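Below is one structure, written out as structure tokens; the observations come after it.
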Amino acid sequence: MAQVLKEEVRNRILEAAEKVFYKKDYRGAKLTEIAKEADIPVALIYTYFKNKEVLFDAVVSSVYINFESAFNEEESLEKGSASERFDEVGENYINELLKERRKLIILMDKSSGTKHTEAKQKLISQMQVHIEVSLKRQSKQKYDPMLAHILASNFTEELLEIARHYQSEKWAKDMLKLIARCYYKGVESL
1 MAQVLKEEVR
11 NRILEAAEKV
21 FYKKDYRGAK
31 LTEIAKEADI
41 PVALIYTYFK
51 NKEVLFDAVV
61 SSVYINFESA
71 FNEEESLEKG
81 SASERFDEVG
91 ENYINELLKE
101 RRKLIILMDK
111 SSGTKHTEAK
121 QKLISQMQVH
131 IEVSLKRQSK
141 QKYDPMLAHI
151 LASNFTEELL
161 EIARHYQSEK
171 WAKDMLKLIA
181 RCYYKGVESL
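Heads up: the sequence shown is residues 1 to 190, going by the UniProt record's numbering.
So, in structure tokens, the structure goes:
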């Protein structure tokens, strides 16, 4: 029974922290606000988490982005265009990620002052490398690396805009499909 209560309190703290970090960001959030949201004494937070940074890490740990495995899986597919490989691998990965969109936004937009400050830039860099690999695979022409960087930056921001303005799972999937179509085939494909 006591173990169940401990887990319940820990989950309440995490849920409260997610709400407060989402509303205020890491620097603006206060442990007193998190405790109030969780309806517990602030000292109880320290029973479960050493400090605010450790609590923040626990909130974002489930969505910490490392697209390398998805990129590697997509790149290992022998056949198909870049858009077909995205449809087979990348789209599902992103849809799963959007299920935890608030945590994604916290990690990408609200982590200043933590070890995760560069999370968005890391994602853009990983995506840039992935795009460079795809360009080499699909095109005989050599492109300035800035093209891959711009495309990676744009796609990352588009993904975050879906998360920021999320309306429903269906809406997010539809938006992702449209963005992917524009991304791979151009605006005229609409």
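Glycine included, every Cβ here is placed at the ideal spot set by N, Cα and C. The structure displayed is predicted, hence computed values, not measured ones.
Under 8 Å between C-beta atoms of residue i and residue j
i, j, result
"isoleucine 105", "tyrosine 48", "no"
"glutamate 158", "isoleucine 124", "no"
"residue 192", "lysine 185", "Because the chain in this structure spans residues 1 to 190, residue 192 falls outside the shown range and cannot be described."
"valine 60", "leucine 107", "yes"
"lysine 110", "tyrosine 166", "no"
"isoleucine 34", "alanine 58", "no"
"glutamate 37", "valine 20", "yes"
"isoleucine 40", "leucine 31", "no"
"isoleucine 131", "alanine 148", "yes"
"glutamine 128", "alanine 82", "no"
"valine 63", "glutamate 100", "yes"
Secondary structure of residue i, DSSP reduced to three states
i, result
"methionine 1", "Because methionine 1 sits at a pLDDT of 42, beneath the cut-off of 50, its placement in the model cannot be relied upon, and the following sentence gives the value as read from the coordinates. Of the three classes helix, strand and coil, the one that applies to methionine 1 here is coil, per DSSP."
"isoleucine 40", "coil"
"lysine 140", "coil"
"asparagine 154", "helix"
"histidine 116", "coil"
"alanine 82", "helix"
"serine 62", "helix"
"phenylalanine 49", "coil"
Rounded straight-line distance, which links the Cα of residue j to that of residue i
i, j, result
"histidine 116", "glutamine 126", "15 Å"
"glutamate 88", "glutamate 74", "8 Å"
"leucine 151", "leucine 98", "20 Å"
"leucine 176", "alanine 43", "43 Å"
"arginine 10", "arginine 102", "19 Å"
"serine 134", "tyrosine 93", "18 Å"
"asparagine 95", "lysine 173", "7 Å"
"glutamine 141", "lysine 170", "37 Å"
"lysine 24", "threonine 114", "14 Å"
Closest residue to residue i among the options (Cα-Cα distance)
i, options, result
"serine 153", "Asp144, Lys122, Lys23 and Ser112", "Lys122"
"alanine 70", "Thr114, Val63, Phe86 and Asn51", "Phe86"
"tyrosine 183", "Gly28, Glu84 and Lys136", "Glu84"
Endpoints, alpha helix (DSSP H) assigned at residue i
i, result
"asparagine 95", "91-98"
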